[in-house]
Amino acid sequence: MQIREQLEAIVDAAIVAAISDGTLALEAAPAAALERPRDPENGDWASTVAMRSAKLAHANPRQIAEAIVAHLPENETIKSAEIAGPGFINFRLADAALQSVIAAVREQRSDYGRGTIAEGERKVNLEYISANPTGPMHIGHGRWATLGDSMARVMRHAGYDVYEEFYVNDHGTQMDVFGNSIAVRYMQLLGHDVQMPEQCYGGAYVVDIAQGIIDREGRAYEDMSDDERMAAMREIGYREMLDDQRTLLERFGTTFDCWFSESNLYAEDADGKSAVDRALEVMREHGYLYEAEGATWFRSTEFGDDKDRVLIKANGELTYFTSDMAYHYDKVCRGFDHLINIWGADHHGYIKRCEAMMEAWGHPGMLEVVLGQLVNLLRNGEPVRMSKRTGEMVTFAELVDEVGVDATRYLMLSRSSDQMIDFDIEVAKKQDASNPVYYVQYAHARICSVLRKAAGDDAPADELAARIVPADADLSVLTHESELALMRKMDDFAELIALAARDRAPYRLTHYAQELASLFHQFYTNCHIIGEEPAVQNARLALADATRIVLALTLDLLGVSAPERM
RNA sequence: GCCCCCGUAGCUCAGGGGAUAGAGCAGUUGCCUUCUAAGCAAUUGGCCGUAGGUUCGAAUCCUACCGGGGGUGCCA
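Per this note's numbering, the very first residue in the first sequence carries number -2; after that it's consecutive.
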């Protein structure tokens, strides 16, 4: 049990006791209302319950606080409880209570801070990136990749059952346009005088794809009809783009449980019906479809949307929204408790209609859209739009090539998703103190170095720790302020995970990692480890090892590596 | 017009209704013959955009306004 939970139970008991013997005039027991004081002078934990319940209890907060303190049961957790200011109850923890964190971390290892989520909320579908397979991913996709991946890791640690999904938009006219773009380039490269039509994909990568086809298969497609050639090139280009995306994301450490193909929504089953047909049917049964101006509309204004939305255009084609409706209907049918989509801020106008369709099916609130603000790419403070190599938009792949996975992930994650990011390539590349990722990794590497030194050999850190740090080390000698501060911070971990998961806010872990690293560096400076008398050395090694475990775990949840040497 | 995000130190940003608003960077100054100086310590720096409201208590919640960014297709 976490220290906070123990303390909460003790305070709850005191409140109940004060109420039952009439000292406190309240009908129901208020919550313990514990928080970490900003200033450590005010104790390890503080309760604001006295001030919160002053009105209901018709008493002044300090009196209430006194009543609660007087009823605190015997325990080994609290060293002192004093009343301060307008009615805070400031608790100081017994050293032994704080020290128990070290044993807990070293025992639970990568399970430290794991939580549980109740059935009925647990199964979550998380869809993110979903870049079109018609071109390379850009910087924004990099942000969603990092955010989605880390969110999944953090939510899993908090106890959610997260299913990660990438929606592949491989249906629709854009694919034909893409195929045609490659075909035109192909013919041009073979010396034919054909013009690239308007609204085609003009990027250099399209030429690369066409050249690749020529390199592998030569003139095999030269004599086909335009339609046949377009269809063939569409398939080749699609495979190539999808492979590129998968390869890059794997290298970036982001994997999916499912790559969901949009075209599958149009595949007919034994009854000759597709997922799209069925989704439309269900919506019609619910009575939210109508015909007007030759088109079929979804009455989304019923649920607060600005205007109704077209599903079937007057020319008989389906809109993109119809695909999305079928896709989400499919997700609902697959039995998730909750659906989360990560979108760029430029898609925010699309949210209302999607929420509307969920509500129309009787699942209000089931879809949650996490909007991420966009990324501005800079180099030395100057905006960069163009890649030096291609003269086009800098791609995500180029960014990872230049900056590296760890620094890219850390910087993308270090800001709240509703904060716009100015990503400066040159700053990201710096391997010095201005780059927080190295500060955190350095703390981890430093601990590993201490373990190596203490053991006298170069085995991996886990092995060294198991060998040289006794599991039952006497921790009572750890009473230095920088030792206690480190333990307090580690005790905050479970709560951090629960909050970061709840708020879909993995960026909080970057701040935590920096704080923990900073506290370790202070401890390292103030408290020597190797060469102290054995009891002290063992206890400090245990503390350092626990810090190593929590740092590595935090970095892992961010998808950032924890190097043992730097 | 309507919708979303942002406005806190010179810069980039934290701040789950609580005490004297924090961190990193940048600036200044110290600390390596001892476990990694990619480190530590000290110091400079604030009408929390403005005005109201709710509250015992507001940077935090509500309303209006000001400033910056984005969105508002029978496109995909």
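The beta carbon of each residue, even a glycine, is placed where N, CA and C say it ideally should be.
*Three or more C-beta pairs closer than 8 Å, one from the segment 474 to 483 and one from the segment 534 to 547: is that the case here?*
At 8 Å Cβ cutoff, the stretches touch.
*Between A451 and I465, is the Cβ-Cβ spacing less than 7 Å?*
Note that the C-beta distance between A451 and I465 is below 7 Å.
_For a quick check, are the C-beta atoms of V437 and I526 less than 7 Å apart?_
No, they are not a contact pair.
*Excluding the five sequence neighbours on either side, which residues of its own chain have a C-beta within less than 8 Å of the C-beta of D459, listed in chain order?*
Nothing meets the Cβ criterion.
*Is the CB-CB distance between P130 and V165 below 7 Å?*
Their beta carbons are under 7 Å apart, which means P130 touches V165 by this criterion.
*According to DSSP, residues forming a beta bridge with K120*: Paired residue(s): D158.
_I'd like the span of the beta strand (DSSP E) that includes G369, first residue to last._
Taken as a continuous stretch (DSSP letters only), the beta strand (DSSP E) holding G369 covers 364 to 369.
_beta strand (DSSP E) runs wholly inside the segment 428 to 464, at least 3 long, in chain order_ = If only uninterrupted beta strand (DSSP E) runs of at least 3 residues are considered, none is enclosed by the segment 428 to 464.
*By Cβ distance, which residues of its chain are closer than 6 Å to R449, with the 5 residues on each side in sequence left out?*
Only D455 meet the Cβ criterion.
*Pull up the distance between the alpha-carbon of A265 and that of S127, whole angstroms please.*
The question names Ala, yet the displayed sequence has Glu at residue 265. As the crow flies, the alpha-carbon of E265 is around 23 Å from that of S127.
*Go ahead and pull the three-state DSSP assignment for I526.*
Coil, per DSSP.
*In three-state DSSP terms, what is I339?*
It is a strand residue.
*asked:* Cutting at 7 Å between CB atoms, please list the residues of its own chain near P467, excluding the five before and the five after it.
replied: If we look at P467 and ignore the five residues flanking it on each side, its Cβ neighbours are N535.
*asked:* Considering only their Cβ atoms, is the gap separating E124 from N338 smaller than 7 Å?
replied: For N338 and E124, yes; Cβs fall inside 7 Å.
*Spatial distance of G139 from I12 (CA atoms)*: Near 50 Å, if we compare the C-alpha coordinates of I12 and G139.
*Specify, as a first and last residue, the run of the beta strand (DSSP E) that S558 falls within.*
Run containing S558: none; DSSP gives neither H nor E here.
*Report buried or exposed for R331, applying the criterion of at least 16 other Cβ atoms within 10 angstroms of its Cβ.*
Of the residues assessed, R331 falls on the exposed side of the cut-off, its CB having fewer than 16 other CB atoms within 10 angstroms.
*Nearest-angstrom Cα distance between Q416 and G369?*
Whole-angstrom Cα-Cα distance: 8 Å.
*Would you kindly work out how many angstroms separate the C-alpha atoms of V402 and M148, rounded to a whole number?*
Computed Cα separation, rounded: 17 Å.
*Can you find a heavy atom of the ligand ADP that lies under 6 Å from the Cβ of R449?*
Inclusion of the ligand ADP in the displayed structure is not the case, the ligand content being empty and no account of it being possible.
*DSSP on C255, reduced to helix/strand/coil?*
Residue state for C255 is assigned as strand, using DSSP reduced to three classes.
_Using the Cβ count rule (16 or more neighbours within 10 Å means buried), how would you classify T293?_
It is buried - the Cβ of T293 has at least 16 other Cβ atoms within 10 Å.
*Would you be able to state if there are at least three C-beta pairs under 8 Å between the segment 61 to 76 and the segment 509 to 519?*
Because the criterion of three Cβ pairs below 8 Å is not met, the segment 509 to 519 and the segment 61 to 76 do not touch.
*Sequence-distant residues of its chain with Cβ nearer than 8 Å to V121 (five each side left out)*: If we look at V121 and ignore the five residues flanking it on each side, its Cβ neighbours are M152, Y157, D158, V159, Y160, F333, D334, H335, L336, I337.
*Do you know offhand how far E219's Cα is from S413's?*
Per the coordinates, the alpha-carbon of E219 lies some 51 Å from the alpha-carbon of S413.
_R248, buried or exposed, once every other Cβ within 10 Å from all chains shown has been counted against 16_ = Exposed, because fewer than 16 other Cβ atoms sit within 10 Å of the Cβ of R248.
_So for H518, helix, strand or coil by DSSP?_
It is helical.
*Around the C-beta of M563, are 16 or more other C-beta atoms found within 10 angstroms, so that it is buried, or is it exposed?*
Taking all protein chains in view, the Cβ of M563 is surrounded by fewer than 16 other Cβ atoms within 10 Å, so the residue is classified as exposed.
*Run through DSSP, which three-state label would I114 get?*
When DSSP states are grouped into helix, strand and coil, I114 belongs to the coil group.
*Reference E79; option with closest CA among S222, I61, R103*: Nearest of S222, I61, R103 to E79, Cα basis: I61.
*Stretch pair the segment 354 to 373 + the segment 417 to 430: three plus CB contacts closer than 8 Å*: Short answer: they touch.
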